[in-house]
Structures are given as C-alpha cells and as structure tokens.
C-alpha cells in the first residue's frame, strides 16, 4: 500500500454573488458539505490549509475552522493568485504523503467585488495601475492575437469556447450563469480588449470549495468510491512572462509554467496526455482555454482552435473540457476556483455528474493559472 | 517647477533632462545572453551575477496589440478615460516591453509597425512631483 492521497470528501458553495454571506460563512458551507460527503466531523481533521487571495488576513483559516468549534490542529493560509486552490491542495497532499497525517482538509474561499480585479491581487506595481497597464484582459487579448496570427486560430473558435462553457454551465446548479449563449451573442457582446468581447471572459465573484484528503491506509473506511490524487504540480513562470503582471521580456525559449507543471504532473501520475478523459482548464478568457489546451500537451500547438470547432472538447467529444461550465459560467472566486475544478473532477470520476457526465471517465486533469505564472496541474484517477 | 521623478527607479538613464535624451536601461547577461529591463544584481533568466549594463534602442516594432476599451480599475483616473492602444513592443535589441502606443488611431495599430520611445509626464505623485513615464509613438512616414 502506497502513501497516495485519496479524495474522500468534496464540497462546494455555489459560485456567484452573496452579499448577505461572509467569506467565512461561504467556507463553512463548503467544508460542512465535504465533511458530510466523507462521513466525518471536523474533529477528525488533523490539519487544514486554506486558500484565499483578496480577503486574506492572518486568521482567516482558523476563523473558518472555528465555525465548527475551537480546534488546535495546524491551519495555514495559502496564497498563489488564481492557482491558490491548487497550491493549497498540494500542501494537503504533501501532508498526507509525508506520512504524518491521515485526514487533511483543503479549503478555498473568496469574496470579490464586481468588475476587474483590484490591481494588487494580480501583483501590479503602482505605476502600472497609474498608467492603465494593469487591466488583466489586455494581456490575454495580446496572447490571443499572437495565437491567431501564428496558427490561424479564429475569433469564432474562441467564441465557441464560451458557447460550449455556457452550455455546460446551464447544466451545473453551482454555476453563476446557467443560461446557454449563441455564437452571435458572444461575438456581438461589448469589446473589452480587442479582439476579445465581454462574454468571452469570466467574472470575479464569491464562492468556496473544500476537499477532504485521506491516506490510502484509512481511505476505504470513509468511501466506497476512492478517487486518487495522482499528481499535483505547482510552478511559477520562468522568464519571460508576457502576461498579467509582467511588463518586459526576452525570447529565452523557456517552456511556460503551465507546460512545466503539466510535464511534472504527467510524470508523477505515470500517464500521458492521451490518457486524460476530461479536463478543467483556466478559462479566465475563452482564448486561454485554447492556448492552455496546447500548453498542457492535450493538443498539438495550433490544434486547440480546430479541436473546439470540431466539437472534440464538448461533453460528448474526444476530450471534454470545462465540463462544469468553466469559470466563464461559474465565475472565478480566485482562492476557491481550483478546488471547484477538483469538485467537478471527482464528481465525474465517481460517475455522479448527472447530465454533464462524461462516459468512461477514468482520469481528470485540472489546471489553474494566474498572475506571476502560478500554475497548478492536478491529476485525479480512479 | 515640480521635481521630475521616474515612474520606477533604475529604468531610465540620467540626467532626466532633456526628456528626449532619456533611454531605457537594463542589463545583458554574459552567461545566457538574456536582456532584462532595470538595474539588477542577478540575471532574471539564469540567476548569474555576470551582468553588464545595457542601454536599449529607442526604436522597435509592434509585437502584439490591443485596444483598452474599458477604464482600468482605480487608482487609474476614471473620469479622463478614453480608449487607447497598448502593445507589446519588440525593441531592436530584442527586449519586449509593454507600452501605451501614442500618435496612433484606434484602427491604425497593427503587427510590425515601427515605434519610437518617448518619455513624458505621466501623472503627479503624492508629493507633488511630476512622474516621468515611457510610451512608444507610432512612426509615420
């Protein structure tokens, strides 16, 4: 018997806007659901990691835990931009693999105002904010333009990602937007940063998600459908990073943080990209899903766009992507989004994703990517 | 007259006047060959300390671009916002740098167009100093 971490419980608080609820209350909801799913109480948790970005204060992790009564277990807050939930899960995984704990909780919580993220969340300096160079979508727009120029990716293919994700989101009760959208609606929505339009973007919002991990030794006591956390890799960007927060670069030929994390994750899980049954990708904007599907080696360079137009990434396609609607439909509570992906991945591998169920799902890959190139690739297996 | 201060230390050559003589400066790594903006002790790419100062060419071309059509979040002044073009500029030396593009209509911007560095007052800081900011302007024939 190895010391792999096993997911025994998952919980989520719907992603959306909940002005009546505190960030700690959102966390409590997700944790309660995850504990119930694992058939345990908070008293059984031996260590906890909590991911948050915009509401971070030193006591946030313990404050969420104290909703269940005082505890003395170690609780540590984790921040890694949009990859925070992935980094948090990795901490929990390491705590299990290291052998000291048998039950560890990973929680992601976030509450964010409407509109663009505050400059500090993405790590911008004051001068970038003062000169208007701190609008995240401009970086994705320029990446999209380069991809279109280099590979012939079309704006219709990019819009189709949004159509697909809204279609999947309409089947997900935990998504903020549950309404299908036509290609014309996406293409004709307001231009934010050319060539990307409003409905190609995710919106920052509120939400929480929680995952209970157990050691292989005890997992069978709690679940009849163990989902193995086969790999969780976390990398940040090498030089250059012509993306959010970066302001200069040089052509070094380095691989991106997403590719580096993917290679590490495939190796740790002992699988290749061809073994992936479904993937949850960082669709902060629709072009990102195409670009990352290539950086994750799921499709060859330049084939991410055609894959979308050929329907390969639809629920019944060869490689379904963002089966829960992605953050384009769910919205992006930064600290919680990665664990929201794990929630979907586990549901799919348990065969409990209802109308979104992918046939014969055996391996789920979850990818988040944020400022500074923080990238996490998680591989779940049954 | 207000004092002139750079938008960030270690990025502009000095003196700061006349403005047209200011260039962007940085380092070249003698170990891996990478260029980086600003003074630094370690190579941003390979961590070597074997660096030499480098003054960048004031000329470059548009590598990729977009138009900012929605006001950036505060503290960017919301009331004076008008859509403007932004680009990754590729300097002649090979450095990429993000910049607002001036002297350029919203429909005029395109890949590979030639641009030139300009340094001008960007905003006033909390001490009343004029903050100097770089931009790149489209070179028109």
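Protein chains in written order, with the numbering used here: chain A, 6 to 387; chain B, 1163 to 1303.
Glycine included, every Cβ here is placed at the ideal spot set by N, Cα and C.
What you are looking at is a predicted structure, and each value in this text was computed from that prediction instead of being measured.
Asked, Found
"Residue 256 of chain A: contacting residues in chain B (beta-carbon distance under 7 angstroms)", "1256"
"Residue from A/297, A/283 and A/282 whose Cα sits closest to the Cα of residue 289 of chain A", "A/297"
"Residue 3 of chain A burial status per 10 Å Cβ neighbour count (16 or more: buried)", "The displayed coordinates of chain A run from 6 to 387. Any statement about residue 3 of chain A would go beyond what the structure contains."
"Own chain, CB closer than 6 angstroms to residue 238 of chain A, minus 5 neighbours either side, in chain order", "266, 269, 270 and 382"
"Candidates A/249, A/230 and A/316, of which the one nearest residue 387 of chain A by Cα", "A/230"
"Meets three-Cβ-pair contact criterion under 8 angstroms: the region 206-221 of chain A and the region 360-368 of chain A", "no"
"Three-way DSSP call (helix, strand, coil) for residue 75 of chain A in this model", "coil"
"Opening and closing residue of the beta strand (DSSP E) in which residue 1200 of chain B lies", "Here residue 1200 of chain B belongs to no beta strand (DSSP E), and DSSP marks it neither H nor E."
"Residue 69 of chain A and residue 109 of chain A closer than 9 angstroms at C-beta", "no"
"Touch test, the region 161-175 of chain A against the region 304-316 of chain A, Cβ-Cβ under 8 angstroms, three pairs minimum", "yes"
"Residues near residue 301 of chain A in its chain [Cβ-Cβ closer than 8 angstroms; skip 5 each side]", "263, 264, 267, 278, 284, 286, 370, 372 and 382"
"As assigned by DSSP and simplified to three states, the class of residue 1228 of chain B", "strand"
"Cut-off 6 angstroms between Cβ atoms - residues of its own chain near residue 180 of chain A, not counting five sequence neighbours on either side", "174, 330, 334 and 335"
"Chain B contact residues for residue 192 of chain A, given Cβ-Cβ distances below 8 angstroms", "By Cβ distance, chain B contributes nothing, its closest Cβ being about 15 angstroms from residue 192 of chain A, past 8 angstroms."
"Own chain residues within Cβ distance below 7 angstroms of residue 5 of chain A, not counting five before or after", "Residue 5 of chain A lies beyond the residue range present for chain A, which begins at 6 and ends at 387; the question has no answer from this structure."
"Nonlocal neighbours in the same chain, by C-beta distance under 8 angstroms from residue 1207 of chain B, ignoring five residues either side", "1191, 1194, 1196 and 1198"
"For residue 28 of chain A: DSSP bridge partner residues", "DSSP output for residue 28 of chain A lists no bridge partner at all."
"Beta-ladder partner(s) of residue 1257 of chain B, from DSSP", "A/255"
"Where the beta strand (DSSP E) through residue 50 of chain A begins and ends", "Per DSSP, residue 50 of chain A belongs to no beta strand (DSSP E) and is neither H nor E."
"Between the CA atoms of residue 317 of chain A and residue 1246 of chain B - distance to the nearest angstrom", "37 angstroms"
"Residue 6 of chain A to residue 227 of chain A span [Cα, whole Å]", "Because residue 6 of chain A carries a pLDDT of 47, less than 50, the predicted location of this residue cannot be relied on, and no value is offered for it."
"Beta bridge counterpart(s) of residue 374 of chain A as assigned by DSSP", "A/380"
"N-terminal and C-terminal residue of the beta strand (DSSP E) that residue 21 of chain A is part of", "10-21"
"Straight-line Cα distance separating residue 47 of chain A from residue 107 of chain A", "13 angstroms"
"Sub-9 angstroms separation of residue 17 of chain A and residue 258 of chain A beta-carbons", "no"
"Min CB distance residue 6 of chain A to chain B below 9 angstroms", "Bear in mind that the predicted position of residue 6 of chain A carries a pLDDT of just 47, short of 50, making it unreliable; the figure below should be weighed with that in mind. Chain B, which has no Cβ nearer than 9 angstroms to the Cβ of residue 6 of chain A, makes this no."
"Among B/1172, B/1259, B/1285 and B/1233, nearest to residue 1202 of chain B - alpha-carbon criterion", "B/1172"
"Spatial distance of residue 215 of chain A from residue 20 of chain A (CA atoms)", "13 angstroms"
"CA-to-CA distance, residue 1216 of chain B to residue 207 of chain A, given in whole angstroms", "40 angstroms"
"Cα-Cα separation between residue 142 of chain A and residue 1234 of chain B, rounded to whole angstroms", "10 angstroms"
"Selection of the region 1221-1241 of chain B by Cβ proximity to chain A, strictly under 9 angstroms", "1225, 1226, 1227, 1228, 1229, 1230, 1231, 1232, 1233, 1234, 1235, 1236, 1237, 1238 and 1239"
"Amino acids of chain B, ordered along the chain, whose beta-carbon sits closer than 8 angstroms to that of residue 156 of chain A", "Those within 8 angstroms of residue 156 of chain A in chain B number zero; the least Cβ separation is about 14 angstroms."
"Residue-level contact to chain A via CB, residue 1291 of chain B, 9 angstroms cutoff", "no"
"Boundaries of the alpha helix (DSSP H) in which residue 263 of chain A is found, first to last residue", "262-274"
"Ranges of the alpha helix (DSSP H) found wholly within the region 89-127 of chain A, counting only runs of at least 4", "89-102"
"Limits of the beta strand (DSSP E) - the one that residue 82 of chain A falls within", "80-83"
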